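**Q** The numbering used here puts the first residue of the sequence shown at 1452, with every later residue one more than the last.
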Amino acid sequence: VFSAPELTRNSPPITITDFLSGARTNDCESVVRARHPEIAEALKWLGRHGEARLTGTGACVFAAYPERARAETVRAALPVGWNGFVARGLNRSPLLDRTVAA
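#1: Would A1491 and E1502 qualify as a contact pair, given that the criterion is a beta-carbon distance under 8 Å?
#2: Which residue comes first and which comes last in the alpha helix (DSSP H) that contains D1469?
#3: Please report how far the alpha carbon of S1462 lies from the alpha carbon of D1478, in whole angstroms.
#4: Among the residues of its own chain, which have a CB less than 8 Å from the CB of G1507, if the five just before and after it don't count?
#5: Beta-carbon separation of V1482 and A1455 under 8 Å?
#6: With DSSP as the reference, label V1525 as helix, strand or coil.
#7: So if DSSP puts L1505 in a beta bridge, which residue, or which two residues, is it bridged to?
#8: Helix, strand or coil for W1533, going by three-state DSSP, please let me know.
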């Protein structure tokens, strides 16, 4: 991915405020979609159920849901042969909490 000539290499920095308001992109996504049709298909499928996103260079695709029940419904509808799981996001690392408490 990083050697792809079509990879954007000069993205402007983003502020935390912009990120938290939803202004985020993954410069690797267009390259991964073009080079890996199976990932493009997963993003397309998941995109019908929410805002589909790619982790980093494409190890996983994911979508965030405000309710666990909705996430479970989408997971249960995954195409045959696909794997998925529901995870709960954290605003603070438990490791940081343990470090501070020590």
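Ideal Cβ positions, reconstructed from N, Cα and C, are used throughout, including at glycine.
As the structure is a computational prediction, the values presented were derived from the model and not from experiment.
**A** Checking against the coordinates, here is how it stands:
#1: no
#2: I1467 to L1471
#3: 8 Å
#4: N1477 and C1479
#5: yes
#6: helix
#7: V1512
#8: coil
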